[in-house]
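Peer 1: Can you read through this structure? Questions will come right after.
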Amino acid sequence: MKDSLFPTFISMNLSVKYLSILFRVAILFGIAAIPLPNFAQVDIEVKFKSSNDTIELAGTLTKPEGSISSIAVLLPVAGPTDRDLTLGIHKYYKTLADSLANEGIASLRFDDRGVGDSEGVFMDASLAHRTGDACAALEYLTKQFPEVTRRGFIGMSEGAGISVLASNQCKSTDFVVLLSMPVRKGVKEMKDQMSRLLAASPYPDSVKQRVTTEADKFLKLVSDSKPEQNRDSILAVLKGPYGPVILPAYQFVPRTPEGRTDFVLSNWYQSQLNYELSSALKVLNVPAMALYGELDKAIDYQSNADVLIKSSPYVKVEVLPGLNHLMQKANTGWAMEYAMLPTSFSADVISRIAEWISELPKE
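Position in the sequence shown (from 1) plus 6 gives the number in the working numbering.
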C-alpha cells in the first residue's frame, strides 16, 4: 500500500524493510485482523475499461448471495494501492467489502493503474484520470445490477475526495461516503502535516527550524505554476541534508535525489499538491456522510471537518473517538502502528455506513 511522511496523502506508506519488521510483530499480535472466509457472499474477478477506453482495470466485485439493496465503488487512499488496500496482514477494503455484503450491499474495488492486474502507469495518472476511473467503475457496476437504484462511492482519504469529484461528473450517483477526507488544498495539508511530525520528533528546535525552512522552500518550488523550470533547485533541496526528511523514501518513492525529483514533478504528485475540493463541494447534490477519526495523524481532522461543514452544510459530518486515518481502533494514531493493530476496519464504522445507506430513499 502506499497509502503518505511528507505528502499528506501518502503518510501511511512505510519502507519495505521497516514494514517487514512490523508485519512479523503484527502476525503475533494481530491475527484477528485477518479476514475469515464468509460464505454469505460471492467474489467475482472483473476487468473494465478506463473512462477513455485505453487502459484495462482489474478488480473484485463482492456481492451478497441474497438480494442486493445498494451498490458502491470503493476508492482507496493515495499512492499505488491494490484493490484490497493491503497493509501487512490487514486488507482494509476486503474487510469492508465482505461486511457490506452481509448488509446486502454489493461493491467493486479495483487495483490502481499500474498495480496488480491493472494496466497503466500510476505516476502518470492525474486526479482527473483517477476520477474518470472511478466513474468507469460505477458505470460497470451499474450495468451489472441495473435494477439496483442506490448507487454510490465509499472513499477513504484521497479516495473520498475523488468520490466528491466523481459524484459531480458520473451518471447515476446517489450517495457518497467520505472517510478521513482532506478538504483543504493539498499543499496546505502537506505543510501542516510536516509541522505535526516535526513537533512529535526528538529533534532539537534548531534542527526543526532548519527542516521547516527547507520544507517551505521545497513546497514553494514544487507548487509553482511551472515547476519543471525549478527542477535544478528542487534537486538541490533533495540532495541537501534535509532532503530525506522532507521526502522520505517510502515504498514507492525513488531512492535517488534525481529519481525523487522526477517523482515530485510527476502528474500524480502534482495532483496531490493541487488537490482542492471547494468548488466541487459547493455543487455536491447527493446525500453525503463524512466520518473522521479523532486519532487521525495523517490530516488535521478538525480543520478539515470544519471546512467541510462550511463548504457543504448538507453533508452529515461526525468525528469518532479512538480511530486513526484508516478507520482502525488505534492507540496513538501514528502510521507506524497501523500494521501492528489487532483489527483492520472498525466494525462500528462499517455498521454506520451500512445503516446510513440503508436509510437512503430508493428511486
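From the three backbone atoms N, C-alpha and C, an ideal C-beta is built for every residue, glycine too.
CA-CA distance, residue 151 and residue 354?
Peer 2: For residue 151 and residue 354, the distance between alpha carbons rounds to 27 Å.
Peer 1: Within the region 70-148, note down every full beta strand (DSSP E) run reaching 3 residues or more, in order along the chain.
Peer 2: The qualifying runs are 76-81 and 111-116.
Peer 1: So, for residue 166: in the same chain, excluding its five sequence neighbours on each side, which residues have a beta-carbon less than 6 Å away from its beta-carbon?
Peer 2: The answer, listed in chain order, is 184, 185 and 187.
Peer 1: Out of 276, 340, 270 and 275, point me to the one whose CA is closest to residue 299's CA.
Peer 2: Among 276, 340, 270 and 275, the Cα nearest to that of residue 299 belongs to 340.
Peer 1: Which same chain residues end up closer than 8 Å to residue 268 when comparing Cβ atoms and leaving out the 5 residues on each side of it in sequence?
Peer 2: These residues qualify, in order along the chain: 260.
Peer 1: Indicate the three-state DSSP secondary structure (helix, strand or coil) for residue 265 in the structure shown.
Peer 2: Here residue 265 sits in helix by DSSP.
Peer 1: Answer yes or no: do residue 141 and residue 57 have a C-beta to C-beta separation smaller than 8 Å?
Peer 2: Yes.
Peer 1: According to DSSP, what are the bridge partners of residue 47?
Peer 2: DSSP output for residue 47 lists 70 as bridge partner(s).
Peer 1: Cutting at 7 Å between CB atoms, please list the residues of its own chain near residue 284, excluding the five before and the five after it.
Peer 2: Within the same chain, residue 284 has close Cβ partners 317.
Peer 1: Between which two residues does the beta strand (DSSP E) holding residue 296 run?
Peer 2: Here the beta strand (DSSP E) through residue 296 covers 294-299.
Peer 1: Could you spell out the range, first to last residue, of the alpha helix (DSSP H) harbouring residue 358?
Peer 2: Element bounds for residue 358: 353-364.
Peer 1: If we cut at 8 Å on Cβ distances, does residue 266 have a partner in chain B?
Peer 2: In the structure shown, chain B does not exist; there is a single protein chain.
Peer 1: For residue 39, does the count of other Cβ atoms within 10 angstroms reach 16, so buried, or fall short, so exposed?
Peer 2: For residue 39, the pLDDT reaches just 47, beneath the cut-off of 50, and the residue's location in the model is therefore unreliable, leaving the point undetermined.
Peer 1: Taking the straight line between their C-alpha atoms, what separation do you get for residue 69 and residue 125?
Peer 2: So the two alpha carbons sit approximately 24 Å from each other.
Peer 1: Is residue 350 buried or exposed, if buried means 16 or more other CB atoms sit within 10 Å of its CB?
Peer 2: Answer is buried; the Cβ neighbour count reaches 16.
Peer 1: Go ahead and pull the three-state DSSP assignment for residue 164.
Peer 2: Three-state result, residue 164: helix.
Peer 1: Tell me which same chain residues have a C-beta within less than 6 Å of the C-beta of residue 362, skipping the five on either side of it?
Peer 2: Once the five neighbours on either side are set aside, the close Cβ partners of residue 362 are 295.
Peer 1: What's the call for residue 164, buried or exposed, on a 16-neighbour Cβ count within 10 Å?
Peer 2: That one is buried.
Peer 1: Taking the alpha helix (DSSP H) that residue 232 belongs to, which residues open and close that run?
Peer 2: Neither: residue 232 is in no alpha helix (DSSP H) and is coded neither H nor E.
Peer 1: Tell me the DSSP secondary structure of residue 289 in three-state form.
Peer 2: Coil at residue 289, not helix or strand.
Peer 1: Does DSSP classify residue 311 as helix, strand or coil?
Peer 2: Residue state, collapsed to three classes: helix.
Peer 1: For residue 37, which residues of its own chain have a beta-carbon under 6 Å away from its beta-carbon, when the five flanking residues on both sides are left out?
Peer 2: Here the model assigns residue 37 a pLDDT of 37, short of 50, so the residue's position is not dependable and the matter cannot be decided.
Peer 1: Compute the Euclidean distance between the alpha carbons of residue 63 and residue 214, then round it to the nearest angstrom.
Peer 2: When rounded, the distance between both Cα atoms is 43 Å.
Peer 1: On the DSSP bridge assignment, give the partners of residue 183 in chain order.
Peer 2: DSSP, once it has assigned bridges, lists 160 and 295 as partnering residue 183.
Peer 1: For residue 364, count the other beta carbons within 10 Å of its own beta carbon; 16 or more makes it buried, fewer makes it exposed. Which is it?
Peer 2: That one is exposed.
Peer 1: Mind listing, in chain order, the continuous alpha helix (DSSP H) runs of no fewer than 4 residues lying wholly within the region 201-253?
Peer 2: Whole alpha helix (DSSP H) segments, 4+ residues: 211-228, 237-245 and 249-252.
Peer 1: Candidates 238, 239 and 280: which alpha carbon is nearest residue 231's?
Peer 2: Cα-wise, what sits closest to residue 231 is 280.
Peer 1: Count Cβ pairs between the region 318-331 and the region 194-210 that sit closer than 8 Å; are there 3 or more?
Peer 2: No: fewer than three Cβ pairs fall under 8 Å.
Peer 1: Could you give the residue range of the alpha helix (DSSP H) that holds residue 279?
Peer 2: Where residue 279 is concerned, the enclosing alpha helix (DSSP H) stretches over 273-279.
Peer 1: Short of 6 Å in beta carbon distance, which residues of its chain neighbour residue 120, apart from the five on each side in sequence? Order them along the chain.
Peer 2: Closer than 6 Å at the Cβ level, and outside the excluded window around residue 120, lie 126, 127 and 128.
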